[in-house]
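Undergrad:
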Amino acid sequence: MKKYLIFLILILGCTSDAPENLISEEKMESIIFDIMILNSSYNYDLKIDNNLLSDELIYKKYDIDSLQFFESELYYSRNPKIHFNIYSNVKKRILKSIDSLKNIK
1030 MKKYLIFLIL ILGCTSDAPE NLISEEKMES IIFDIMILNS SYNYDLKIDN
1080 NLLSDELIYK KYDIDSLQFF ESELYYSRNP KIHFNIYSNV KKRILKSIDS
1130 LKNIK
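My numbering numbers the first residue of the sequence shown as 1030 and each following residue consecutively.
1. Can you give me the C-alpha to C-alpha distance between Tyr1091 and Ile1060, rounded to a whole angstrom?
2. Identify the continuous alpha helix (DSSP H) that holds Arg1122 and give its terminal residues.
3. How would you call Ser1126, buried or exposed, if buried means at least 16 neighbouring beta carbons within 10 angstroms?
4. Considering only their Cβ atoms, is the gap separating Ile1093 from Asp1063 smaller than 8 angstroms?
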């Protein structure tokens, strides 16, 4: 699967226009936030064993597919200011979540 995704990214890398089904910056931020939360759960052995399953859950939650996600991520990665803002906002959300969890104790 990863081979196909890399191949797809390389092929799509030849174009610089926004894809037809570009995910909005706000939605992309939420998707990446959820992906990072899921990935962090692997470090705590929360028994989420199947990466594909967790990806599919995220795609279903946001009503997107893997191609739409990767095309949008590729587009934003070619626009560093937008890409930086998305990841900056994700970082702020993660830090805010950590702070709220610390306050529970």
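Note that CB positions come from ideal geometry on N, CA and C, so glycine has one too.
TA: A quick look at the data gives this:
1. Answer to the nearest angstrom: the Cα atoms are 7 angstroms apart.
2. For Arg1122, the enclosing alpha helix (DSSP H) covers residues 1109-1133.
3. By the neighbour-count criterion, in which 16 or more other beta carbons inside 10 Å mark a residue as buried, Ser1126 falls on the exposed side.
4. No, they are not a contact pair.
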